[in-house]
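Chemist: When we follow my numbering, the leftmost residue of the sequence shown carries the number 59, and every step to the right adds one.
We treat Cβ as the ideally placed atom computed from N, Cα and C, and that holds for glycine.
These numbers come from a predicted model, not from an experiment.
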Amino acid sequence: MKVAILSGSVYGTAEDVARHAEHQLKAAGFETWHDPRAQLPQILDFAPEALLVVTSTTGMGELPDSFIPLYSTIRDQFPAWSGLPGGVIALGDASYGDTFCAGGELIRELYAELGVREVVAMLRLDASETVTPESDAEPWLETFAAALRA
């Protein structure tokens, strides 16, 4: 199965988690593709059979500036991803209250609009509790990989 991993990062942590996810899913037997500066034509050329989005959240609860162009293009062009399995790893800081991991919630809303099936509940990684988000994501990624195989 071909898994496209999309990432949006403010300080680089979400990209680190996405790269780690890429290696872990590849080791689990999936064909993976990740480019932190991805554009929709590249993703469509890869022809993903599953999607994973790893995104941080700005202090205002928005997606990172680096991810907004891709997010907007996907919303405008509405690729035929209905029925694809997907997952979301959201990074944030719980001290921001209501906007904690809101970037991930925006991706979940996009999935709903596109018809992407979220196969595992979104993982929320709290920067105020962890300094190892890559390894903290590993159990969730194992569950995600199992759900993709099911």
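Where does the unbroken alpha helix (DSSP H) through T188 begin, and where does it stop?
Modeler: Premise fails: T188 is in no alpha helix (DSSP H) and is neither H nor E.
Chemist: For S65 versus P94, is the C-beta spacing smaller than 8 Å?
Modeler: Contact: yes.
Chemist: Starting from A62, trace the beta strand (DSSP E) in both directions and tell me its first and last residue.
Modeler: Counting along the chain, the beta strand (DSSP E) containing A62 begins and ends at 60-66.
Chemist: I need the straight-line Cα distance from K60 to A203, nearest angstrom please.
Modeler: Going from the Cα of K60 to the Cα of A203 covers about 12 Å.
Chemist: Does DSSP put E200 in a helix, a strand or coil?
Modeler: Looking at E200 - three-state DSSP - the assignment turns out to be helix.
Chemist: How many angstroms separate the CA atom of S193 from the CA atom of L183?
Modeler: Near 11 Å, if we compare the C-alpha coordinates of L183 and S193.
Chemist: Is it buried or exposed for S209, if we count other Cβ within 10 angstroms and need 16 for buried?
Modeler: Limits of the chain in this structure are 59 at one end and 208 at the other, which puts residue 209 out of reach.
Chemist: Going by DSSP, what residue range makes up the alpha helix (DSSP H) through T131?
Modeler: Where T131 is concerned, the enclosing alpha helix (DSSP H) stretches over 126-135.
Chemist: Are the beta-carbon atoms belonging to G150 and A185 less than 8 Å from one another?
Modeler: Cβ distance < 8 Å, so G150 and A185 count as in contact.
Chemist: Specify, as a first and last residue, the run of the alpha helix (DSSP H) that L168 falls within.
Modeler: Counting along the chain, the alpha helix (DSSP H) containing L168 begins and ends at 160-172.
Chemist: What is the DSSP secondary structure of L121, counted as helix, strand or coil?
Modeler: Three-state DSSP puts L121 in coil, outside helix and strand.
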